[in-house]
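The sequence shown runs 0 to 472 under numbering that gives the first Met the number 0. Built from N, CA and C at the ideal position, the CB exists for glycine as well. It should be emphasised that the depicted structure is a prediction, and the values quoted were computed from it without experimental measurement. Note sheet for the following structure.
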Amino acid sequence: MSGSHEFVVVANRLPVDVQVSSKGKVSWDRSPGGLVTALHPVMQSQDGAWVGWSGRADTELDAFEADGMHLVPVPLSKAEVANYYEGFSNATLWPLYHDVIVNPVYHRTWWNSYLEVNRRFSEAAAGAAAQGATVWVHDYQLQLVPQMLRRLRPDVRIGFFNHIPFPPVELFGQLTWRKQVVEGLLGADLIGFQRTGDAANFLRAVRRFTDFTPRGQSVTIGQHWTRPERHVRVGTFPISIDSTQVDELARSEKTAQRAAELRRELGEPDVLLLGVDRLDYTKGIRHRIKAFGELLAEKKVTVPTTALVQVASPSREQVEQYRNLRQEVEVMVGNINGDYSSWGRSAIYYMHHSYPQEEMVALYRAADVMLVTALRDGMNLVAKEYVAARHDLGGVLVLSEFAGAADELGQALLVNPHDIEGLKSAMMRAATMEPPERRRRMRALRKRVLSGDVQSWARKFLTALAADRNPHE
């Protein structure tokens with residue numbers, strides 16, 4: 000069943016956006032995103048294969064070459080998209096893993112679909128991997144793949160990285176299939192998380208819901224799975240961005256001109272605040288809008304001297320909670336603009352669509368204050384992008400302590416987004432911060448962000464996966 004590829008990535012989506020013409024001709028565009036940027040050089044150097052869904056339901060595609068990579072599409076039916084992806088992945092696991100900000104929904108039919116799709120991904124990976132290959136599985140949609148793949152291909156070395164938080168056992172214990180998920184992950188040789196707290200939560204789940212006893216950062220798997228016994232290592236690998244690319248883009252004259260143009264288009268406010276998020280209930284968008292509205296009501300800020308730009312990229316619009324969130328946010332924005340905007344000048348500029356990277360970097364350059372108020376976030380790369388874009392040492396980052404980025408970016412103004420008064424105070428402090436303090440904080444932040452990039456993150460994980468070390472070190 001072995002294939003010819005020494006390195007195989009398994010992720011929910013392929014690294015390209017696939018288009019199929021009416022005549023059946025396949026075309027593609029490379030997808031944006033840190034994971035593609037991180038793994039593309041490795042894929043090219045090792046003749047790698049990428050296993051993932053094309054993004055098109057009920058579409059059968061043969062494996063094809065794109066951008067120097069061998070791509071192996073895994074088909075999903077419309078029912079599987081509804082049950083495996085929109086259902087179990089994003090209406091069960093996503094809210095559960097993000098501290099039950101909204102209530103997870105549990106359906107056995109969703110779980111059965113999740114089981115079947117994970118099996119299909121495992122079979123595709125097994126068919127692509129050469130003897131003794133390295134297979135790197137990504138994220139919460141595919142937590143059963145490591146164990147399934149190991150049963151099919153005990154010769155391969157398997158890594159798994161969880162891009163989102165892993166919840167405390169008190170929350171994870173709600174999941175009916177908790178043991179199956181934990182044992183699915185334990186099929187890997189190395190399991191990586193964004194934060195030390197997430198790794199600790201997983202090890203506690205192993206202790207609570209399986210027959211295995213972790214020792215330090217290692218779990219020993221006994222004979223009922225493999226002979227001889229096998230050691231699973233658990234580690235922390237905080238992901239980063241392509242910081243050099245963002246920094247270089249921000250330094251270009253074109254970006255500087257566009258940043259100045261944006262401020263003119265927004266009425267040249269004295270203070271421009273910015274939020275950039277997927278439209279997701281984990282991002283704390285409603286909290287920051289509420290805080291800004293109260294500052295306006297209290298006349299601590301006024302229009303047009305202060306403005307808030309909120310970019311909210313469309314996300315999972317087939318899931319009911321996301322449709323409800325969009326309606327709530329747009330009502331809040333409408334109410335505040337109705338009360339405080341003036342002719343030609345809005346209190347809040349709300350954009351419900353995505354922008355290319357060049358426009359986003361110009362927006363980062365234009366903004367005086369970046370608001371990252373996530374209620375729970377594995378990392379939040381927007382915070383790092385903002386820092387990488389501020390070579391002028393201007394700008395202040397207001398960052399939720401519940402985002403993984405807070406572990407690394409301690410010179411930001413850290414906030415508890417549930418504390419609206421505290422959030423308002425941080426917003427005012429950021430807006431009125433003296434230039435020397437602003438430069439000092441941003442210099443420290445940039446030193447941290449520019450010291451590593453997403454490719455070094457990938458190298459660090461893969462080096463750890465390849466290492467033959469004592470698991471009890």
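Closest Cα partner of M441 within the set A387, Y349, D338
In the sequence shown, the residue the question calls residue 441 occupies position 442. Minimum Cα distance to M441 is reached at A387.
If you run the structure through DSSP and keep just helix, strand and coil, what is N11?
For the purposes of this step, residue 11 is taken as residue 12 along the sequence shown, with counting starting at 1. Three-state result, N11: strand.
R375 burial status per 10 Å Cβ neighbour count (16 or more: buried):
As a first step, residue 375 is located in the sequence shown; it is residue number 376 there, counting from the start. R375 is buried by the Cβ-count criterion.
Residues in its own chain within less than 6 Å of L461 by CB, not counting five upstream and five downstream?
To locate residue 461, count along the sequence shown from 1; it is residue 462. Within the same chain, no Cβ atom closer than 6 Å to the Cβ of L461 is found once the five residues on either side in sequence are excluded.
Could you give the residue range of the alpha helix (DSSP H) that holds L408?
Along the sequence shown, one-based indexing puts residue 408 at 409. Taken as a continuous stretch (DSSP letters only), L408 belongs to no alpha helix (DSSP H), as it is neither H nor E.
Roughly how many angstroms separate the alpha carbons of R468 and Y363, rounded to a whole number?
Residue 468 sits at position 469 when you count from the first residue of the sequence shown. Residue 363 sits at position 364 when you count from the first residue of the sequence shown. Low per-residue confidence applies at R468: pLDDT is 46, beneath 50, and the placement is therefore not dependable, though the value from the model is reported in the following sentence. Going from the Cα of R468 to the Cα of Y363 covers about 43 Å.
Buried or exposed (CB count within 10 angstroms, at least 16 for buried), P237:
As a position in the sequence shown, residue 237 is number 238, starting the count at 1. Buried.
Considering only residues of the same chain and omitting the five flanking positions on each side of W100, which have a CB-CB separation below 7 Å?
Your numbering for residue 100 matches position 101 in the sequence shown. Per the sequence presented here, residue 100 reads as Ile, with Trp not at that position. Excluding residues within five positions, the ones whose Cβ falls inside 7 Å are P94, Y280, T281, L374, R375.
Please report the distance separating the alpha-carbon of F87 from that of Y113.
Numbered from 1 along the sequence shown, position 88 holds the residue referred to as residue 87. Numbered from 1 along the sequence shown, position 114 holds the residue referred to as residue 113. C-alpha of F87 to C-alpha of Y113: approximately 7 Å in a straight line.
Contact between the segment 333 to 349 and the segment 294 to 309 (3+ Cβ pairs under 8 Å)
Using a Cβ-Cβ distance cut-off of 8 Å, the segment 333 to 349 and the segment 294 to 309 are in contact, since at least three pairs of beta carbons, one from each stretch, lie closer than that value.
V180 vs F159 beta-carbon contact at 7 Å:
Within the sequence shown, residue 180 is the residue found at index 181, counting from 1. Within the sequence shown, residue 159 is the residue found at index 160, counting from 1. No.
Boundaries (first-last residue) of the beta strand (DSSP E) holding V231:
For this step, residue 231 is matched to residue 232 along the sequence shown. For V231, the uninterrupted beta strand (DSSP E) segment begins and ends at 229 to 235.
How would you label G215, buried or exposed, when you count the other beta carbons within 10 angstroms and need 16 or more for buried?
On the sequence shown, position 216 is the one that residue 215 refers to. Label assigned to G215: exposed.
Does DSSP put Q18 in a helix, in a strand, or in coil?
Taking the first residue of the sequence shown as 1, we reach residue 18 at position 19. DSSP, reduced to helix, strand and coil, places Q18 within a strand of the structure shown.
Does DSSP put S251 in a helix, a strand or coil?
Stepping through the sequence shown from its first residue, residue 251 is reached at position 252. Looking at S251 - three-state DSSP - the assignment turns out to be coil, as it is neither helix nor strand.
Suppose you measure from the CA of V1 to the CA of L141; what does that come to, to the nearest Å?
As a working mapping, residue 1 is identified with position 2 in the sequence shown. As a working mapping, residue 141 is identified with position 142 in the sequence shown. Residue identity differs from the one stated: residue 1 is Ser in this sequence, not Val. Between S1 and L141, the C-alpha separation is close to 21 Å.
Between which two residues does the alpha helix (DSSP H) carrying V218 extend?
As a position in the sequence shown, residue 218 is number 219, starting the count at 1. From DSSP, V218 is part of no alpha helix (DSSP H) but of the beta strand (DSSP E) over 217 to 220.
For L248, which residues in the same chain have their Cβ closer than 8 Å to its Cβ, ignoring the five residues on either side in sequence?
Locating residue 248 in the sequence shown gives position 249, counting from the first residue. Short of 8 Å from the beta carbon of L248, and not among the five residues preceding or following it, lie these beta carbons of its own chain, in chain order: T254, Q356, E357, V360, A388.
For L189, does the three-state DSSP call read helix, strand or coil?
The sequence position of residue 189 within the sequence shown is 190, counting from 1. Three-state DSSP puts L189 in a strand.
Distance CB(L413)-CB(A404) smaller than 7 Å:
Position 414 of the sequence shown holds residue 413. Position 405 of the sequence shown holds residue 404. Taking the C-beta atoms as reference points, A404 is found no nearer than 7 Å to L413.
Can you name the start and end residues of the beta strand (DSSP E) that F160 belongs to?
As a first step, residue 160 must be located in the sequence shown, where it is residue number 161. 156 to 160 is the extent of the beta strand (DSSP E) around F160.
Whose C-alpha, out of E329, P416, L392, Y349, is nearest the C-alpha of V371?
Within the sequence shown, the letter at position 372 stands for residue 371. Selected option, being the one with the closest Cα: P416.
Are R325 and L278 closer than 7 Å when you measure CB to CB?
Residue mapping note: residue 325 aligns to position 326 of the sequence shown, counting from 1. Residue mapping note: residue 278 aligns to position 279 of the sequence shown, counting from 1. Taking 7 Å as the cut-off, the Cβ atoms of R325 and L278 count as close.
As a quick exercise: from D46, P40, V73, A65, pick the residue whose alpha carbon is nearest that of S53.
Mapped onto the sequence shown, residue 53 falls at position 54. The shortest CA-to-CA distance from S53 to any of D46, P40, V73, A65 is the one to V73.
Taking the alpha-carbon positions, what's the P470 to L70 distance?
By 1-based counting over the sequence shown, the position of residue 470 is 471. By 1-based counting over the sequence shown, the position of residue 70 is 71. With a pLDDT of only 43 at P470, under 50, the local geometry of the prediction cannot be trusted, and the value read off the model is given with reservation. Our two residues, P470 and L70, have alpha carbons roughly 34 Å apart in a direct line.
Taking Cβ positions, are A129 and S3 nearer each other than 7 Å?
For the purposes of this step, residue 129 is taken as the residue at position 130 of the sequence shown. For the purposes of this step, residue 3 is taken as the residue at position 4 of the sequence shown. Closer than 7 Å, so yes.
Nearest CA to the CA of Q193: which residue from R177, G394, P166, L174?
Taking the sequence shown and counting its residues from 1, the one referred to as residue 193 is at position 194. For Q193, the closest of R177, G394, P166, L174 by C-alpha to C-alpha distance is P166.
Anticipated Cβ contact below 8 Å, L273 with V308, distance rounded
The residue labelled residue 273 in the question sits at position 274 within the sequence shown. The residue labelled residue 308 in the question sits at position 309 within the sequence shown. With a Cβ gap of about 5 Å, L273 and V308 count as contacting.
Assumed close pair V477, V35 - CB separation to whole angstroms, cut-off 8 Å:
Any question about residue 477 goes unanswered here, given that the chain covers just 0 to 472.
Take A198 and list the residues in its own chain whose beta-carbon comes closer than 6 Å to its own, dropping the five residues that flank it on each side.
On the sequence shown, position 199 is the one that residue 198 refers to. Short of 6 Å from the beta carbon of A198, and not among the five residues preceding or following it, lie these beta carbons of its own chain, in chain order: F192, V233, T235.
M68 lies in the beta strand (DSSP E); which residues open and close that run?
Taking the sequence shown and counting its residues from 1, the one referred to as residue 68 is at position 69. For M68, the enclosing beta strand (DSSP E) starts and ends at 68 to 72.
Considering Cα atoms alone, identify which of V144, E420, A411 is closest to A429.
Along the sequence shown, read from residue 1 onward, the residue named residue 429 stands at position 430. Taking only the C-alpha atoms, the option nearest A429 is A411.
Could you spell out the range, first to last residue, of the alpha helix (DSSP H) harbouring E384?
The residue labelled residue 384 in the question sits at position 385 within the sequence shown. Note, E384: alpha helix (DSSP H), 380 to 388.
Pick from D46, A65, W176, L60: whose alpha carbon is nearest that of V15?
Position 16 of the sequence shown holds residue 15. Checking every option, the nearest Cα to that of V15 belongs to A65.
Kindly indicate which three-state DSSP category I100 falls into: helix, strand or coil?
Start at 1 with the first residue of the sequence shown, and residue 100 comes out as number 101. The answer is coil: DSSP assigns I100 none of H, G, I, E or B.
Are V134 and I163 touching if we call contact CB-CB under 7 Å?
Sequence index remark: in the sequence shown, residue 134 carries index 135 (1-based). Sequence index remark: in the sequence shown, residue 163 carries index 164 (1-based). Contact: no.
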